[in-house]
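Numbering (this note's numbering), first residue to last: 33 to 153.
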């Protein structure tokens with residue numbers, strides 16, 4: 033048997049982990065995101081949307097140039113399902129990146145008008 037009381041060791045650990053007021057004043061947590069962060073995120077997402085749109089067009093062109101020729105109806109159905117899945121995923125990524133980019137652009141504009149600048153005394 034151990035003669036160490038688990039309750040006292042937990043209390044000692046919690047007392048050691050309590051930050052001092054000086055540590056609280058210097059460590060305010062992660063910095064807030066600013067308009068530049070929103071704008072760069074918006075540009076990045078819109079760039080990915082544009083790349084996804086180009087990729088989606090190329091995929092559609094590929095499947096139009098290379099039609100499916102299978103004698104088995106099951107193989108034809110599987111190939112058609114795969115084609116639909118690939119094209120749908122490409123356009124879903126385009127929509128997702130564009131939607132996120134436009135959303136971040138709106139947040140960027142909103143952050144410009146409602147910026148909380150500290151007032152000097």
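For every residue, glycine included, the Cβ atom is placed at its ideal position computed from N, Cα and C.
From a predicted model like this one, the values you see are computed outputs, not experimental measurements.
Review point. Three-state secondary structure (DSSP) at residue 63?
Key: Position 31 of the chain shown, counting from 1, holds the residue named residue 63. Reduced to three states, the DSSP call for residue 63 is coil.
Check your understanding: Under the three-state reduction of DSSP, which class applies to residue 138: helix, strand or coil?
Key -> Position 106 of the chain shown, counting from 1, holds the residue named residue 138. Note: residue 138 maps to helix in three-state DSSP.
Exercise for review: For residue 138, I'd like the list of residues in its chain whose CB is within less than 8 Å of its CB, leaving aside the five on either flank, ordered along the chain.
Suggested key: One-based indexing of the chain shown puts residue 138 at position 106. Around residue 138: no qualifying Cβ.
Point to revise | residue 81 classed as buried or exposed, judged by whether at least 16 other C-beta atoms fall within 10 angstroms | key: For the purposes of this step, residue 81 is taken as the residue at position 49 of the chain shown. That one is buried.
**Study point:** Proximity winner among 85, 67 and 49, relative to residue 128 (alpha-carbon distances)
**Key:** Taking the first residue of the chain shown as position 1, residue 128 is located at position 96. The candidate whose alpha carbon is nearest that of residue 128 is 85.
Check your understanding: Which one of 83, 94 and 135 has the shortest CA to CA distance from residue 116?
Key -> Here residue 116 is taken as the residue at index 84 of the chain shown, counted from 1. That would be 94, whose Cα lies nearest to the Cα of residue 116.
Exercise for review: Within 10 angstroms of the Cβ of residue 124, are there 16 or more other Cβ atoms? Answer buried if so, exposed if not.
Suggested key: Here residue 124 corresponds to residue number 92 of the chain shown, with the count starting at 1. Exposed.
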